[in-house]
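Structure first, then comments.
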Amino acid sequence: MVNEDINTAMTAMNEFPQGCPLPYSALDATHINAAYPEQKLEIRGGGYGSDAAAHPTNAKQFYALTDRGPNADFDGVAGRGKQFLVPNYTPAIGLFELQAGGKIIKVKEILLKDRRGNPISGLPNPKALGGTSEVPYDVNGQPMTINPNMPFNAVTNPIKTDINGLDPEGLAALKDGSFWISDEYGPHLVHYDENGVEVERINAFASDERNNVIINGKPILLPVEFTKRRANRGMEALTITPDQTTLVGIMESAMDNPDKSGRISSLVRMVTINLVSGQIAQYLYRLDNAQHVTSGIAALNNHEFYLIEHDRKFPLQDETAKKLIYKVDIVQATDIETVLNDKGVKQDEAVGLTINGQTLEQLIATDEENWQMLEKINIMPVKKTLVVDVLASLDYPHDKLEGLWLRQDGSLGLLNDDDFAMIDTDIINPKSSVEQKYLDKEKTIEDANLLYIVMPSE
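Read in order, the letters of the sequence shown correspond to residues 0 to 457 in numbering that gives the first Met the number 0.
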């Protein structure tokens, strides 16, 4: 069986360098394709590109995670936000199998549900529990409100939010059949059982009664500075160590810590949560470029991980595009939760570790050479070693590289996020129009949800 699995991977790697397509169905075909107004926009019920994870026992199978649903940037009467083109969409986990010949089949779909077993939505959270003031709009461009039959009014008919709404991005599949998912709202870490029903939750909001992971009599919370995440830039990647004891997550990019001055930093935060002892550790990851993002992580052992770093550029549209996979090691990195107060070094209750009154994000945003200053005071980032230059290894034309499946044979399955095959027509000045997502400037090659397989270097 192992040899057969290896042969399946090698076949996909060698015979399908342009990727193996995931199956999908049409979710909606009622909107106009703004790129070609005579055509309808096909919103695809795939979108399984937020993350991937190995099936614990079946080497041919992998889980993949959807986003919060088909959405587009929108600027409307209530301010800037997102237009939800399929408002009743429920985020889901899909189980897929890679078969001989490169064919992929969907074995089953697991809808995500709240603790009562009701399907959740992808709508934004309330401000106090993860919201970032993102306004949800309906398919007609009207604000989604508490009473959908009445016009929007900030006092009498305010914006609708969903306390259980999730923007899923990171996926860890456990040996007992359950899942941990990280998201971009809270960020929240939510534990779902094998049927997709919420079991427990961890976030940075002490007032959230759903934080029910109690270890040694103490509720487990994310460090409070994680509430400083940027909108749509939360905890992008999540994994669990092979011994099933420790969750490991990483933010997508620098946080607004304490404000937007921190977001131009190349500093990204990793967090580990030991589910047995309750110990939380926090490490620093240095991006190659502050404009890059992290977007997938898979544990090799308790201290080494594969990690995706990329720039969200389309390779067919920009020859400078970067899609990279690093092996990162935290064994010699500094757990900044353990750094003690000393002269200019202080642990702040609201923004975390500060150096001479600046947050770590501000420090690096001010001067990239401050990484060396941190090392001089024995604050070391994680070690990173390039193991795959994706664009040098594959015919990979996509902007987003987000799913990372560590296979039993040591190869890596890579999934792109096709955004349900749709995109905004104008990212800089977003309005209501959307179009099929195209990979090339000429808008002739449509994006699709594909699996690629590569072998990392040692």
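Glycine included, every Cβ here is placed at the ideal spot set by N, Cα and C. What you are looking at is a predicted structure, and each value in this text was computed from that prediction instead of being measured.
Under a 10 Å Cβ-count criterion, T240 is classified as buried, with 16 or more other Cβ atoms of the shown protein chains found around its own Cβ.
Apart from sequence neighbours up to five positions away, the residues of its chain that approach S456 with a beta-carbon distance below 6 Å are V386, ordered along the chain.
Taking C-beta atoms as the reference points, G18 and L449 count as a pair closer than 9 Å. Bridge pairing for F225: absent [DSSP]. Distance from the CA of V275 to the CA of L438, rounded to the nearest whole angstrom, comes to 45 Å.
By the beta-carbon neighbour count (other beta carbons within 10 angstroms, threshold 16), K399 is buried.
Following the DSSP letters along the chain, one finds I119 in no alpha helix (DSSP H), marked with neither H nor E. Shown here, L286 sits in coil according to DSSP, grouped into three states, outside any helix or strand.
Between the stretch 297–315 and the stretch 338–348 there are fewer than three inter-stretch CB-CB distances shorter than 8 Å, so the stretches are not counted as touching. A Cβ-Cβ distance of about 5 Å is found for the pair H291 and E308, placing them in contact under the 8 Å criterion. By a beta-carbon distance limit of 8 Å, A253 contacts E360. Their separation comes to about 5 Å. By the Cβ rule, the stretch 82–96 counts as touching the stretch 40–56, because three or more pairs are nearer than 8 Å.
Straight through space, the alpha carbons of P90 and D50 are spaced by roughly 12 Å.
At a cut-off of 3 residues, the continuous stretches assigned as beta strand (DSSP E) that sit fully inside the stretch 46–120 are 50–53, 60–64, 70–75, 78–83, 91–97 and 103–110.
Taking C-beta separations shorter than 8 Å and ignoring five residues to either side along the sequence, the partners of N146 in its chain run N156, following chain order. Looking at the DSSP output, G18 bridges to nothing.
In the DSSP annotation of this structure, the continuous segment of the beta strand (DSSP E) that includes E303 starts and ends at E303 to H309. When C-alpha distances from P218 are compared across E208, F225, T226 and K227, the shortest belongs to E208.
In this structure, G46 and D66 form a Cβ contact; the two beta carbons are roughly 6 Å apart against a cut-off of 8 Å. Nearest in C-alpha terms to G101, of all of G75, N124 and P20, is P20. In terms of Cβ geometry, S265 and A289 form a close pair [threshold 9 Å]. Taken through DSSP and simplified to helix, strand or coil, T29 comes out as coil. For the options G44, L306 and K59, the alpha carbon positioned closest to that of D408 is the one of K59.
Between the stretch 228–243 and the stretch 170–183 there are three or more inter-stretch CB-CB distances shorter than 8 Å, so the stretches are counted as touching. G164 and P186 have their alpha carbons spaced roughly 11 Å apart. Here the C-alpha atom of I354 lies approximately 13 Å from the C-alpha atom of N377.
At a cut-off of 3 residues, the continuous stretches assigned as beta strand (DSSP E) that sit fully inside the stretch 214–274 are 234–239, 245–250 and 266–273. In the displayed model, A153 falls within coil according to three-state DSSP, outside both helix and strand.
Contact fails between the stretch 128–141 and the stretch 102–111, because fewer than three Cβ pairs, one in each stretch, are under 8 Å apart. Between Y23 and G48, the C-beta spacing is not below 9 Å. Taking the Cα of E37 as reference, the smallest distance to any Cα among E401, E434, A230 and L128 is reached at E434. The Cβ neighbour count for Y284, taken over all protein chains shown within 10 Å, is at least 16; the residue is labelled buried. Across the set I249, A77 and D166, the C-alpha of A77 shows the shortest separation from the C-alpha of M143. For L393, the closest C-alpha among the options V453, W404, A447 and G351 is that of V453. With respect to K326, Y305 sits close: the two C-beta atoms are nearer than 9 Å.
D341 has V344 as its beta-bridge partners, per DSSP.
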